[in-house]
Amino acid sequence: MPAAITFKTFATDVFIPKIKKLTNIDIGAHIGIDQETVLVRKIGLKRYNGRTDRQNEVWAGKPVNMAAKLAGLTAINELLVSDRFLDSNIKDERATMSCGCPNNNKVCLWQEKCLNDTKFDFTKAYLLTSKWCQKHGQEFCNKLLELDNNKKAVKPFNLKEHLENENYKKNISTRIQAIMNYCF
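According to the working numbering, the sequence shown is numbered sequentially starting from 8.
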């Protein structure tokens with residue numbers, strides 16, 4: 008979940024404004040998450056002259072389809088997760104309640120959404136419209152990453168440092184230009 012919120016925050020604060028500035032086109036991010044057993048398989052051309060870059064992982068299974076359908080129900084820059092994901096992963100207060108900024112008033116981050124649709128194999132989902140707080144977001148993200156994977160310690164992620172890194176800026180500009188060249 009921290010990865011999804013980080014992606015959502017990055018898309019909202021950096022990527023979407025950059026695309027808008029470069030192209031005057033409005034885009035958005037739609038994110039859905041489900042959890043169940045999934046098949047991951049490498050497909051593509053086999054090893055050729057020692058190269059393995061001609062193979063990519065393909066994720067197949069019901070949770071991939073459910074996540075895509077959940078994303079299809081979101082408005083721009085929203086995150087929608089299945090109840091089975093939320094129930095099994097979201098336990099810490101930093102994942103359920105806001106930090107209280109700007110007026111020290113903590114509120115529930117998730118809104119329940121009933122799904123009366125046969126295309127889903129669950130009946131409830133939860134909607135997140137917020138992103139990481141500029142003041143407490145990094146602290147919350149690192150704590151949730153630390154709690155993830157059965158409390159295994161994960162190297163803290165420094166979002167500000169990552170976004171200010173010159174190699175990252177060059178890389179993202181190159182990727183955006185490649186996307187623009189491909190699309191137009």
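Idealized CB from N, CA, C, for every residue including glycine.
All values reported here derive from a predicted model rather than from experimental measurement.
Span of the alpha helix (DSSP H), counted from its first residue to its last, around residue i
{"i": "K98", "result": "Unbroken run through K98: none, as it is neither H nor E."}
{"i": "I40", "result": "No alpha helix (DSSP H) contains I40, which is instead part of the beta strand (DSSP E) from 37 to 40."}
{"i": "K15", "result": "9 to 17"}
{"i": "I32", "result": "Unbroken run through I32: none, as it is neither H nor E."}
For residue j and residue i, the rounded distance between their alpha carbons
{"i": "I23", "j": "F14", "result": "11 Å"}
{"i": "S105", "j": "C115", "result": "6 Å"}
{"i": "D99", "j": "Q141", "result": "20 Å"}
{"i": "I26", "j": "D33", "result": "8 Å"}
{"i": "S89", "j": "A10", "result": "16 Å"}
{"i": "L46", "j": "W66", "result": "6 Å"}
{"i": "T130", "j": "N72", "result": "15 Å"}
{"i": "L86", "j": "L135", "result": "5 Å"}
{"i": "F147", "j": "R101", "result": "6 Å"}
{"i": "W117", "j": "V21", "result": "24 Å"}
{"i": "T151", "j": "M8", "result": "The amino acid at residue 151 is misidentified as Thr; the sequence shows Leu. Cα-Cα distance, rounded: 8 Å."}
{"i": "K120", "j": "K49", "result": "35 Å"}
{"i": "W139", "j": "P70", "result": "25 Å"}
{"i": "E64", "j": "C108", "result": "40 Å"}
Identity of the residue in the options nearest residue i by Cα
{"i": "T4", "options": "G35, L154, V45", "result": "Coverage of the chain is limited to positions 8 through 191, which leaves residue 4 absent and any answer about it impossible."}
{"i": "L52", "options": "Q62, T44, L46, E43", "result": "Q62"}
{"i": "F17", "options": "L152, D155, L154, S137", "result": "S137"}
{"i": "T125", "options": "E153, F147, L86, K76", "result": "K76"}
{"i": "T44", "options": "Q118, G68, I38", "result": "G68"}
{"i": "G39", "options": "T19, F92, E153", "result": "F92"}
{"i": "I83", "options": "H37, C108, T103", "result": "H37"}
{"i": "F127", "options": "T30, D41, G144", "result": "D41"}
{"i": "G79", "options": "T30, A132, C108", "result": "A132"}
Bridge-paired residues (DSSP) for residue i
{"i": "S89", "result": "A132"}
{"i": "R58", "result": "Y55"}
{"i": "W117", "result": "L135"}
{"i": "M104", "result": "C115"}
Delimiting residues of the beta strand (DSSP E) encompassing residue i
{"i": "K49", "result": "46 to 51"}
{"i": "A67", "result": "62 to 67"}
Count the C-beta pairs between the segment 81 to 97 and the segment 50 to 58 that are closer than 8 Å, then say yes if the count reaches three, no if not. These segments do not touch.
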